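Please read the structure below before turning to the comments.
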C-alpha cells in the first residue's frame, strides 16, 4: 500500500488555502450538499453520509479538512504481530500538512469499545487533525470538548474494549460514505459530505448562490398568495 502523503496534492490540483477552508466553514453541510448538486458531477445520494452519525460537539460549528483514513477494530484483540505500527500512522498524519480530518472505519459492528478518547484525540490534534469522523464509538467527551476537537461518531461508550489500529491510508466507508485519502470533508450536526475535487474551489461561491435562491421562497411564506407563489418558485424536483 502506498502511504505517501497524497493528501497534500491530488490530481495535480493544490489544496485549498486556509482562507478558502475557513470560507467553507461559514456554511452548513446541507447548503454545501445543495451547492455540489448544482454542478451535476455526481448523483445526489453519492458523497454523503446516511443516518446514524452523531455530531458530539455541534457547538464547534462545521468541520472542514482533508481526509486521512484508517481502519480500526474494537470487538476483538489485535493479531500478533501487529499488521501496522501506530507510530507509522502517526507519522503519516503529521506528514499530511494540517487541516486533516481522520476518517476511521471500525470493522466491528456493533463496536466493542471506543477508540477515540482524551488520549487519542489529543494525539491526533497534536499531529494536525481538526477532528475525527468514525462509525465507531467515543468517550471522554468533556475532555475532548475542551480541546476544541471535532468528534463525529456512531455513539458513545464507557470502555475502550479491544479498540486498536488495523490499517491506514486506504479507502474506507463510514455511514454509507466512501472516503479516499485526500478527500475534502465538510461536516456538521447533519452529517458529512465529500466535496468533489474538481469543484472544491467553486463550492463556496455556489453555496452563496444557493442561499440567495432560497431567500425568495422563505419570504414568500409570509404572503397571502404564498401557495401559488411557492409553486412557481420551488423547482419541480422538490
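In the numbering used here, the protein residues as written are 511 to 748.
Glycine included, each C-beta is placed from N, C-alpha and C at the ideal position.
None of these values were measured; they are calculated from a predicted model.
Annotated as proximal: residue 651 and residue 666, with beta-carbon spacing under 9 Å.
At least 9 Å separates the beta-carbon of residue 681 from that of residue 593.
Using a Cβ distance threshold of 9 Å, residue 531 and residue 575 count as a contacting pair. Taking the Cβ atoms as the reference, residue 627 lies roughly 5 Å from residue 649, within the contact range of under 8 Å.
Distance between residue 581 and residue 740, taken at the CA atoms: about 47 Å. The alpha carbon of residue 745 has as its nearest neighbour, out of 732, 724, 644, the alpha carbon of 724. Under the 10 Å beta carbon count, residue 735 is surrounded by fewer than 16 other beta carbons and is classified as exposed. Boundaries of the alpha helix (DSSP H) harbouring residue 599: 596–605, taken from the DSSP string.
The beta strand (DSSP E) runs lying completely inside the region 516–577 and spanning 3 residues or more number zero. For a cut-off of 8 Å, the C-beta gap from residue 565 to residue 698 is around 6 Å, short enough to register as a contact.
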